[in-house]
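Protein chains: 2
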Amino acid sequence: MAETLTTAALTLKDIAREAGVSLATVDRVLHNRPGVRADTVRRVREAIERNSFQPHVAAAELARGRARRFAFVMPSGPNPFMQQIEAYLGEMSGWLSARRLGVEMIATDVFDASVLAASLEALSGDYDGVAVVALDHPTVRAAINDLVDAGTKIVTLVSDVPSSRRHHYVGIDNIAAGRTAGALVGRLVGGRSGKVAIVAGSQGLRDHAERIFGFNQVMASEFPGLSVLPVLEGRDEDARSEQLLARLLGRHADIVGLYNVGAGTQGVAKALSEAGRDKVVFVGHDVTALTRRLLLQGVMDAAISQNPGHEARAAVRVLLALARGEPILREQEKIRIDIVMRDNLP
Amino acid sequence: MAETLTTAALTLKDIAREAGVSLATVDRVLHNRPGVRADTVRRVREAIERNSFQPHVAAAELARGRARRFAFVMPSGPNPFMQQIEAYLGEMSGWLSARRLGVEMIATDVFDASVLAASLEALSGDYDGVAVVALDHPTVRAAINDLVDAGTKIVTLVSDVPSSRRHHYVGIDNIAAGRTAGALVGRLVGGRSGKVAIVAGSQGLRDHAERIFGFNQVMASEFPGLSVLPVLEGRDEDARSEQLLARLLGRHADIVGLYNVGAGTQGVAKALSEAGRDKVVFVGHDVTALTRRLLLQGVMDAAISQNPGHEARAAVRVLLALARGEPILREQEKIRIDIVMRDNLP
DNA sequence: CTCAAAATGAGTTGCGTACCTCAAAACACC
DNA sequence: GGTGTTTTGAGGTACGCAACTCATTTTGAG
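Top to bottom, those sequences are chains V and L. Note that full-length UniProt numbering has the first sequence beginning at 1, numbered continuously upward. Note that full-length UniProt numbering has the second sequence beginning at 1, numbered continuously upward.
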């Protein structure tokens, strides 16, 4: 009837006895310190393994003395999504200080590779972990690898640099996000045939390009009745997005769906309403004050969301686990793609 | 450019000096021990407040010595959702033992109020925290309140007992889940008019009743072209659900949508396919091996999911925070309603 | 076999808190 | 002013581990 999921609480002393060595040797093995014969290392490791020994987190944390410092390198300038991440980190301040964790925000121009790389290099040695919203560029990749080599734990946030040796990526699978958007547009259009428009910031941005790729994939394979128009590049700006879209709507009377890949949402919504094309199925990204309003008004039909609170907390937890040498709960730290419609607005 | 989110690391000794008292007195205040003048208590509290002092979690944990024990009281018998929760707890075993947390599963008949209440009463004094999948019944409520009075931290899991004094509920808002299901069925039907069927376990179950309530709300207000048929009560059994639904499908040729509120999914799918009514929009709950297959086959169109992994971890985290007297990160522990379609299957 | 280098043992200290004891001081009451 | 009670101080121990020192043993090369 009752079933226990955890094992007894051994200590290092027990492991030392088991392995037939002293506490000092166990300590040397545990922290990869030199001066232990390979054979002895094996014996100790086996004893740890055999008893599935886990160092007591609290004791280890207490003993190491100095507090851990993490840095969040984020885009400068106003960006609601990033501001949300910062706000959520602020909400955690009690949690952070109870664990003696210092978290600092560092604003920089993440869209300029050399500036970003310089910012990263400047952090070397000062932090135990760094979370960075990174551009995928060779210079940035090199800066990340340098930090990794210096022993800093690195997590890419929102936008990944898969070619680097970063320890973890906290963000969504953008291809899957695009696929989801495609499925939503296709399904919500509901059997009608016609054209579908795409508004993106730029196809040069990795996440945008991936989303468009996934979107097109689904449209081609599952919704042959819908044809996708060439991508409009609105640079995530309201005015430009509005202008481009207004022109497109004028030229195509049979647009039935619209996927807004990045920001510029305000402009997109305005173009739709001024053209009197409110019935167009409109799917976009992220739950902000604006998209929330548009969803409630029925202008937007669905938003693909990547919970910024979860991303902020996951980044901190992952950095902490990496710094402690604990395993990462992958399932927990995975950022899910949320479909938000009017009735499940968070 | 850089901005720090945390404060300096004070210790109890600092607080004692600040307040002009000894360590012993601070300790007495912190743990609500008797023998301190009200005036002194205030001075100490103010010093803590003024410096926004947070006890070092690791030190506190280490000092208290004995490990914490949590119990999960779950339904006996085969239940995929509950099995998943148990599996996810198993995945956490490293995390748990590194924190010296003991978690035990206790299987019982949660659908029999007196049996469940007896199981709960039997736990008194043995556990620091209890997570329970609870029936909302006066006897159960009393048992929960007794445990609370005995100092045990209580979390209701999946199914709430709002009238009790449980410390927290980990689960979804079932009315919102029903609304979401309604919105999905309505939208996916895509403008056609016709009838909509509902299959539930029982309208006597709180969560099922709430979901149906939310579903009907949306259908009535937003989809006047769809009329909802009387609820079929399949008792979450495949055979019974299939039989009832098959009969209903036979009588109504114009059924365009179907909401399966609980289990019995296998039977529902079978009834649909044997009647050759695959085009009916079918929305159900939870991602299991079965619903995953049905989604991929296109039989089911969407599933409302309440990530069991998240629920298991949230329950543990909440119990731990309660036991430590830490604040709960509400935003983090909130269980979201996930909409799962073929293209965002987790 | 000798000797230096490598490997290991034994031990100490400190992290910040919980929990405990005992003595001293402050206080209230008559 | 003396009594008893309440409040406060001072100090110790323990928790499990990190990080270190120094002495001792073992090993391998010549």
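Glycine is no exception: its CB is placed at the ideal position from the N, C-alpha and C atoms. None of these values were measured; they are calculated from a predicted model.
Would you grab the beta carbon distance between residue i and residue j for me? Rounded to a whole angstrom, and I think it's under 8 Å.
i, j, result
"VAL280 (chain V)", "VAL261 (chain V)", "At roughly 16 Å, the Cβ-Cβ gap does not stay under 8 Å, so VAL280 (chain V) and VAL261 (chain V) are not in contact."
"ILE335 (chain V)", "ALA314 (chain V)", "7 Å"
"ALA271 (chain V)", "LEU249 (chain V)", "6 Å"
"ILE154 (chain V)", "HIS167 (chain V)", "6 Å"
"VAL140 (chain L)", "ALA117 (chain L)", "5 Å"
"GLY309 (chain V)", "PRO327 (chain L)", "Actually they do not touch by this definition, with Cβ atoms about 15 Å apart."
"ARG187 (chain L)", "LEU188 (chain V)", "6 Å"
"VAL57 (chain L)", "ARG99 (chain V)", "6 Å"
"GLY190 (chain L)", "GLY214 (chain L)", "Not really, about 21 Å apart at Cβ, beyond 8 Å."
How many Å lie between residue i and residue j at the Cα?
i, j, result
"THR108 (chain V)", "LEU290 (chain L)", "48 Å"
"LEU345 (chain L)", "MET74 (chain V)", "30 Å"
"GLU49 (chain L)", "LEU30 (chain V)", "40 Å"
"ASP236 (chain L)", "VAL185 (chain L)", "21 Å"
"residue 348 (chain V)", "ARG179 (chain V)", "Chain V is shown only over 1 to 346; residue 348 (chain V) falls outside these bounds and no answer can be derived."
"ASP112 (chain L)", "SER202 (chain L)", "15 Å"
"VAL115 (chain V)", "LEU135 (chain V)", "11 Å"
"GLU104 (chain L)", "GLU331 (chain V)", "21 Å"
"GLU242 (chain V)", "PRO55 (chain V)", "57 Å"
"GLU86 (chain V)", "ARG251 (chain L)", "57 Å"
"GLU333 (chain L)", "THR152 (chain L)", "20 Å"
"VAL15 (chain L)", "VAL44 (chain L)", "In the sequence under discussion, the amino acid at residue 15 (chain L) is Ile, which differs from the Val named in the question. Rounded to the nearest angstrom, the two C-alpha atoms are 7 Å apart."
"GLU3 (chain V)", "ILE106 (chain L)", "7 Å"
"SER227 (chain L)", "VAL283 (chain L)", "16 Å"
"ASP173 (chain V)", "GLU91 (chain L)", "23 Å"
"GLN84 (chain L)", "LEU244 (chain V)", "49 Å"
"SER119 (chain V)", "LEU320 (chain V)", "22 Å"
"GLU210 (chain V)", "VAL199 (chain V)", "14 Å"
"ARG37 (chain V)", "LEU12 (chain V)", "19 Å"
"GLY325 (chain V)", "ASP301 (chain V)", "44 Å"
"ASP207 (chain L)", "SER159 (chain L)", "7 Å"
"residue 367 (chain V)", "TYR259 (chain L)", "An answer regarding residue 367 (chain V) cannot be provided, because it is not within the stretch 1 to 346 covered by chain V."
"LEU10 (chain V)", "SER97 (chain L)", "10 Å"
"VAL148 (chain V)", "GLY129 (chain V)", "9 Å"
"PRO34 (chain V)", "THR40 (chain V)", "12 Å"
"GLY267 (chain V)", "LEU294 (chain L)", "39 Å"
"GLU18 (chain L)", "ALA67 (chain V)", "23 Å"
Please state whether DSSP places residue i in a helix, a strand or coil.
i, result
"GLU331 (chain V)", "helix"
"GLU326 (chain V)", "coil"
"HIS137 (chain V)", "coil"
"GLY234 (chain L)", "coil"
"HIS310 (chain V)", "helix"
"MET105 (chain L)", "strand"
"PHE282 (chain L)", "strand"
"ALA59 (chain V)", "helix"
"SER202 (chain V)", "coil"
"PRO34 (chain V)", "coil"
"PRO162 (chain L)", "coil"
"PRO80 (chain L)", "helix"
"ASN51 (chain V)", "coil"
"PHE223 (chain V)", "coil"
Just grab the DSSP bridge partners of residue i for me.
i, result
"ILE255 (chain L)", "L:LYS195"
"GLY129 (chain V)", "V:PHE70, V:LYS153"
"VAL340 (chain L)", "L:ALA303"
"TYR169 (chain V)", "V:THR156"
"VAL228 (chain L)", "L:VAL196"
"residue 364 (chain L)", "Since the first and last residues shown for chain L are 1 and 346, residue 364 (chain L) lies out of range."
"GLU242 (chain V)", "DSSP output for GLU242 (chain V) lists no bridge partner at all."
"GLU3 (chain V)", "L:MET105"
"ASN260 (chain V)", "V:VAL199"
Output needed in chain order: residues of the stretch 263-282 of chain L with a Cβ under 8 Å from some Cβ in chain V. In summary, no residue of the stretch 263-282 of chain L has a CB separated from any CB of chain V by less than 8 Å.
Closer than 9 Å between beta carbons: that is the criterion. Which residues of the stretch 89-101 of chain V meet it against chain L? For the stretch 89-101 of chain V, which is checked against every Cβ of chain L, the residues closer than 9 Å are LEU89, GLY90, GLU91, MET92, SER93, GLY94, TRP95, LEU96, SER97, ALA98, ARG99, ARG100, LEU101.
Selection of the stretch 284-315 of chain V by Cβ proximity to chain L, strictly under 7 Å: Result list: GLY309, ARG313.
Contact residues within the stretch 117-131 of chain L, judged by C-beta distance below 8 Å to chain V: If you check each beta-carbon in the stretch 117-131 of chain L against every beta-carbon of chain V, none falls closer than 8 Å.
Mind listing which residues of the stretch 182-207 of chain L have their C-beta closer than 9 Å to chain V's C-betas, in chain order? Of all residues in the stretch 182-207 of chain L, the ones placed with a Cβ closer than 9 Å to any Cβ belonging to chain V are GLY182, ALA183, LEU184, ARG187, LEU188, VAL189, GLY190, GLY191, ARG192, in chain order.
What residues from the stretch 16-50 of chain L come within 9 Å of chain V, judged by C-beta to C-beta, listed N to C? For the stretch 16-50 of chain L, which is checked against every Cβ of chain V, not one residue is closer than 9 Å.
At a Cβ cut of 7 Å, what residues of the stretch 169-181 of chain V count as close to chain L, listed as they run along the chain? Cβ proximity to chain L below 7 Å picks out ALA176, ARG179, THR180 from the stretch 169-181 of chain V.
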